[in-house]
Each structure stands twice: as structure tokens, then as C-alpha cells.
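For reference, the structure is listed below as C-alpha cells.
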Amino acid sequence: MNKIKTICVYCGSGPGTNPRFIEAATAFGKVMAENGVGLVYGGGSLGLMGAIATSVIDHGGIVTGIIPDFLTARENALGRVHELIVTADMHERKRLMFERSDAFVALPGGIGTLEELVEQLTWQQLGRHTKPVLLANIDGFWEPLLALLTHMRATQFIRPTLSVDILKAERVEDILPRLRAAAARAPEETRQMAPEVARRL
């Protein structure tokens, strides 16, 4: 049974230097739409954000954009989305992105992408949720982060009792199957974080 109905995708508001980044975002958007999986994302129309949202829409999928008011002009909010939620601040944005998503995927991106990804890993490590978190390691983009996580384990800052359960896929076509497999393994009662808990984080 497919328990992944919506995926939150974190990614750059720029295109990056490698054409494969935009290609991957576009391809994953098509995969999501064709599998009936909705996109939850940061609401922008530029870079990888715009590429994946436009691809989902162009292939008949559903897109929810969540963007704080102060970024609507800077990131050029995408008007074609099915639902655009404008929040008061970044905290509300991230809470709503969490609540509306069954899984999280990080495509290449910058500090904002990294910050959102690490927050979900932290919440997962602390036992606040078991929603799958996956790195789309396009052309090895996330290798430096994976090396850092290995270093953190080796120096015992990531302890065996507080492991980081992060998925990885080098190919776009592997992303959804790995998320589905991980979601199927998680007990039903641990997949969701109570809204009142999310609001306190």
C-alpha cells in the first residue's frame, strides 16, 4: 500500500552550475505527478523550486506552495500552484510543510535547503517523527554532507542510540520506491507528529 501521498521537496531557488540538477528536478516532478503524489514546497518559481513545481503541474499533479510573506517577491511566488499559503514567518512555513507532507526529499540547494533538511533529521533523531527523509544525491552533490555525518559518527557526536536515518538515491527513479519502502516499515502511530508538538518545536 502506498502511504506516500505528499512529498515535501527542499531545493535551491537557483539553478546551480550543473544542468543535471534542473533535469533531475523536472524528472522527479514528472514521476510524482504520474504516481499521484502531491508536491509540497517553498512556493517559488525560480531555480530548482520552479522546475519541480512546474513539472508536477505540467504533468497533471497537485502542488502546494508555502512561502513567508517577505519572500513572495524575492523568490517570485509561483502563481500556477493549486494552493499558495503565505505565512507570517519561516517557523510557520516549516511547520506547515511538515504537517502537510508524508516524506521529505532534498534536491541540490544552498543553506536554506540544508537548514530545512537538517531540521527534519534532528526531529527524526529525537523521536518526534518517522517520516522518511531522503537525499537526492544528483551527481554526488550531497557527498560532502554524507562525509560529515560519517565523521560525526566516528567522533561519537552521533551516538548509536541517536542514529540519523537518512535515505539516499543517485537516480531520480529510485527516490519514490525508497520512500515508499521506508514509510511501510514505520509504525503508523509514529509517522505523525501531533500539531501541538510541531508548534512547540
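In terms of my numbering, the sequence shown is residues 1152 to 1352.
Beta carbons are placed, not taken as given, at the ideal position from N, Cα and C, and that holds for glycine.
Taking only the alpha-carbon atoms, compute the straight-line gap between cysteine 1159 and phenylalanine 1249 and give it to the nearest angstrom. Walking along the sequence shown from the start, residue 1159 turns up at place 8. Walking along the sequence shown from the start, residue 1249 turns up at place 98. Their backbone Cα atoms lie some 8 Å apart in a straight line.
Option nearest serine 1206 by Cα separation, candidates Arg1244, Phe1221 and Glu1174: On the sequence shown, residue 1206 is found 55 positions in, with the first residue counted as 1. The closest CA to that of serine 1206, considering only Arg1244, Phe1221 and Glu1174, is found on Glu1174.
Using DSSP bridges, identify the partner residues of glycine 1355. Nothing can be reported for residue 1355: it is not among the residues displayed for the chain, which extend from 1152 to 1352.
Grouping DSSP H, G and I as helix and E and B as strand, with all else coil, what is proline 1166? Sequence index remark: in the sequence shown, residue 1166 carries index 15 (1-based). In the structure shown, proline 1166 adopts coil according to DSSP, grouped into three states.
Inspect the beta-carbon positions of cysteine 1162 and threonine 1264 and report whether they are closer than 8 Å. Locating residue 1162 in the sequence shown gives position 11, counting from the first residue. Locating residue 1264 in the sequence shown gives position 113, counting from the first residue. Their beta carbons are under 8 Å apart, which means cysteine 1162 touches threonine 1264 by this criterion.
Return the chain-ordered list of same chain residues with a C-beta closer than 6 Å to the C-beta of isoleucine 1217, the five sequence neighbours on each side being excluded. Residue 1217 sits at position 66 when you count from the first residue of the sequence shown. So the qualifying residues of the chain are Gly1194, Ile1236, Arg1244, Leu1247 and Met1248.
Classify alanine 1254 as helix, strand or coil using the three-state DSSP reduction. Counted from its first residue, the sequence shown places residue 1254 at position 103. Alanine 1254 falls in the strand class under three-state DSSP.
Our contact map puts histidine 1210 next to alanine 1176 with C-beta atoms below 8 Å; I'd like the distance itself, whole angstroms only. Here residue 1210 is taken as the residue at index 59 of the sequence shown, counted from 1. Here residue 1176 is taken as the residue at index 25 of the sequence shown, counted from 1. For a cut-off of 8 Å, the C-beta gap from histidine 1210 to alanine 1176 is around 13 Å, too long to register as a contact.
What would DSSP say about threonine 1215, mapped onto helix, strand or coil? Reading the sequence shown from its first residue, position 64 is the one you call residue 1215. Of the three classes helix, strand and coil, the one that applies to threonine 1215 here is strand, per DSSP.
Residues in its own chain within less than 6 Å of alanine 1254 by CB, not counting five upstream and five downstream? By one-based count along the sequence shown, residue 1254 stands at place 103. So the qualifying residues of the chain are Ile1155, Ile1158, Lys1282, Pro1283 and Leu1330.
Looking only at C-alpha atoms, which of Pro1295, Lys1319, Gly1260 and Gln1275 sits nearest to threonine 1312? Position 161 of the sequence shown, counted from the first residue, corresponds to residue 1312. Comparing Cα-Cα distances from threonine 1312 to each of Pro1295, Lys1319, Gly1260 and Gln1275, the minimum goes to Gln1275.
Reducing DSSP to helix, strand and coil, say where valine 1160 ends up. Sequence index remark: in the sequence shown, residue 1160 carries index 9 (1-based). Per DSSP, reduced to three states, the secondary structure at valine 1160 is strand.
Grouping DSSP H, G and I as helix and E and B as strand, with all else coil, what is alanine 1333? Indexing the sequence shown from 1 puts residue 1333 at position 182. It is helical.
If you draw a straight line from the C-alpha of alanine 1298 to the C-alpha of glycine 1212, how long is it? Here residue 1298 is taken as the residue at index 147 of the sequence shown, counted from 1. Here residue 1212 is taken as the residue at index 61 of the sequence shown, counted from 1. The alpha-carbon atoms of alanine 1298 and glycine 1212 are separated by roughly 35 Å.
Compute the beta-carbon to beta-carbon distance between phenylalanine 1172 and leucine 1199, rounded to the nearest angstrom, for a pair I have assumed lies under 8 Å. The sequence position of residue 1172 within the sequence shown is 21, counting from 1. The sequence position of residue 1199 within the sequence shown is 48, counting from 1. Going by Cβ atoms, the distance from phenylalanine 1172 to leucine 1199 rounds to 6 Å, so yes, they are a contact pair.
Isoleucine 1309 - DSSP class collapsed to helix/strand/coil: As a first step, residue 1309 is located in the sequence shown; it is residue number 158 there, counting from the start. Coil, per DSSP.
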